[in-house]
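Numbering (this note's numbering), first residue to last: 295 to 683.
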């Protein structure tokens, strides 16, 4: 814009400078002729022409100065606008945390726990260009700025979405996968028994992609390389564990905020039904767990199983538990782990448990499971110091 306006004025100034020079040349000519002539009438006529030249020189000079002044004013105004825009762009916090969800219900729950939200989109065809930016205030009076996006089910799609997210926001430090998952119960060991509504966070072993294996006639050998989560996020998880041991559970205060639709409650304990892995008609009793408070989720920090398949097979579920020690099963996080490893940044997985991967699988616990995952993520980010302070 500045180039076009300055160029137009400059072209006009050049033309006026040429006209001014013509007036000056003509004046010099008349002055020279005046020195040669004695006739009074002819001298008077030449003097009149010289006056016209003086007037022409004065008028063109004034117009040139006016245009130069306008040009300066325009450039100053554009400089001010550019400076204001630059200050605005610099003052806008760049996201340092990415959050990916696979389902609209998960996205909505995370959206509810963010502050100062606004939409952000990038040009381009196809999907993957739209985000919600929001803040999470920290205990040190700072904030984390989050870029939230919606993917879809499956590890391949999650990996692609994470890669696009990192291209759009190259300053991200970590990506957190937040949402629901199938739980892996262990009724024989009360302290290890996962129930509906609980929270499972990936530990230092991260995500186990259990469909990445070598199959022979005699055995299947797991071959997925280890992808440990972010050390800083794991540290924050451990420090929240310390708070829990001291009687503080900061995530609880955000659950109601994240629950959708409005007025949704934690489902009745009567709907938390566990059946035998080999006989779906046989209902199992949940063991008594002294670490569990009624109406509150327990938090487990453990490996999480992931594959491009929706698991509804309790026998396979128990095999995964016995082989890998996993506490949850889902379909996106190994893609997130691979993408973040490729970009050399951290990741973490936070899951709310909505079913037991068996014949009782339904959507009844989905809203609450999505809410507890979002609530824990909010508490986690709130506990972490602002990287800019």
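Think of the CB as a built atom: it goes at the ideal place given N, C-alpha and C, for glycine as much as any other residue.
Can you find the residues in the same chain that come closer than 6 Å, C-beta to C-beta, to residue i, ignoring five residues on each side of it along the sequence?
| i | result |
| --- | --- |
| residue 574 | 653 |
| residue 659 | 490, 561 and 648 |
| residue 508 | 515 and 517 |
| residue 675 | 430 and 438 |
| residue 442 | 393, 404 and 426 |
| residue 310 | 354, 357 and 358 |
| residue 451 | 445 |
| residue 401 | 395 and 444 |
| residue 324 | 340, 343 and 344 |
| residue 567 | 654 |
Beta-carbon separation of residue i and residue j under 8 Å?
| i | j | result |
| --- | --- | --- |
| residue 590 | residue 447 | no |
| residue 501 | residue 570 | no |
| residue 404 | residue 458 | no |
| residue 491 | residue 663 | yes |
| residue 630 | residue 394 | yes |
| residue 479 | residue 440 | no |
| residue 645 | residue 430 | no |
| residue 476 | residue 650 | yes |
| residue 530 | residue 407 | no |
| residue 520 | residue 499 | yes |
| residue 555 | residue 640 | no |
| residue 481 | residue 583 | no |
| residue 456 | residue 633 | yes |
| residue 467 | residue 679 | no |
| residue 416 | residue 462 | yes |
| residue 598 | residue 666 | no |
| residue 628 | residue 503 | yes |
| residue 494 | residue 594 | yes |
| residue 434 | residue 683 | yes |
| residue 549 | residue 470 | no |
| residue 487 | residue 581 | yes |
| residue 637 | residue 528 | no |
| residue 449 | residue 602 | yes |
For residue i, which residues of its own chain have a beta-carbon under 7 Å away from its beta-carbon, when the five flanking residues on both sides are left out?
| i | result |
| --- | --- |
| residue 410 | 428 and 429 |
| residue 381 | Residue placement at residue 381 is poorly supported in this model, since its pLDDT is 47, which falls under 50; the coordinates still yield a value, given next. Contacts found: none. |
| residue 612 | 571 |
| residue 432 | 438, 676, 678, 679 and 680 |
| residue 246 | Residue coverage of the chain in this structure runs from 295 to 683, which leaves residue 246 outside it and unanswerable. |
| residue 661 | 399, 553, 554 and 558 |
| residue 414 | 425 and 427 |
| residue 533 | 677 |
When DSSP labels each residue in this structure, what does residue i get in the three-state scheme?
| i | result |
| --- | --- |
| residue 314 | helix |
| residue 627 | helix |
| residue 392 | strand |
| residue 737 | As displayed, the chain neither begins before 295 nor continues past 683, which places residue 737 out of reach and without an answer. |
| residue 425 | strand |
| residue 307 | helix |
| residue 296 | Note that residue 296 scores a pLDDT of 42, beneath 50, so its modelled location is shaky; the value from the coordinates is reported in the next line. It is helical. |
| residue 683 | coil |
| residue 380 | For residue 380, the predicted structure reports a pLDDT of 48, less than 50, and the residue's modelled location is therefore unreliable. The matter cannot be settled from this model. |
| residue 525 | helix |
| residue 360 | helix |
| residue 412 | strand |
| residue 671 | helix |
| residue 348 | helix |
| residue 684 | Nothing about residue 684 can be reported from this structure: the residues present for the chain run from 295 to 683 only. |
| residue 502 | strand |
| residue 568 | strand |
| residue 515 | strand |
| residue 543 | coil |
| residue 556 | coil |
Grab me the residues of residue i's own chain with a C-beta within less than 8 Å of its C-beta, minus the 5 sequence neighbours each way, in chain order.
| i | result |
| --- | --- |
| residue 308 | none |
| residue 576 | 569 and 570 |
| residue 351 | 314, 317, 318 and 321 |
| residue 535 | 593 and 595 |
| residue 337 | 328 and 331 |
Count the CB pairs spanning the region 334–350 and the region 303–320 that are closer than 8 Å, and state whether there are at least three.
Counting C-beta pairs with one atom in each stretch, the region 334–350 and the region 303–320 have three or more that are closer than 8 Å, which means they touch.
Fully enclosed by the region 429–498, which beta strand (DSSP E) runs are 3 residues long or longer?
Listed in chain order, the complete beta strand (DSSP E) runs (minimum 3 residues) inside the region 429–498 are 437–444 and 468–477.
What residue ranges within the region 575–663 form continuous alpha helix (DSSP H) runs of no fewer than 4 residues, ordered along the chain?
Fully enclosed alpha helix (DSSP H) runs of 4 or longer: 608–618 and 627–637.
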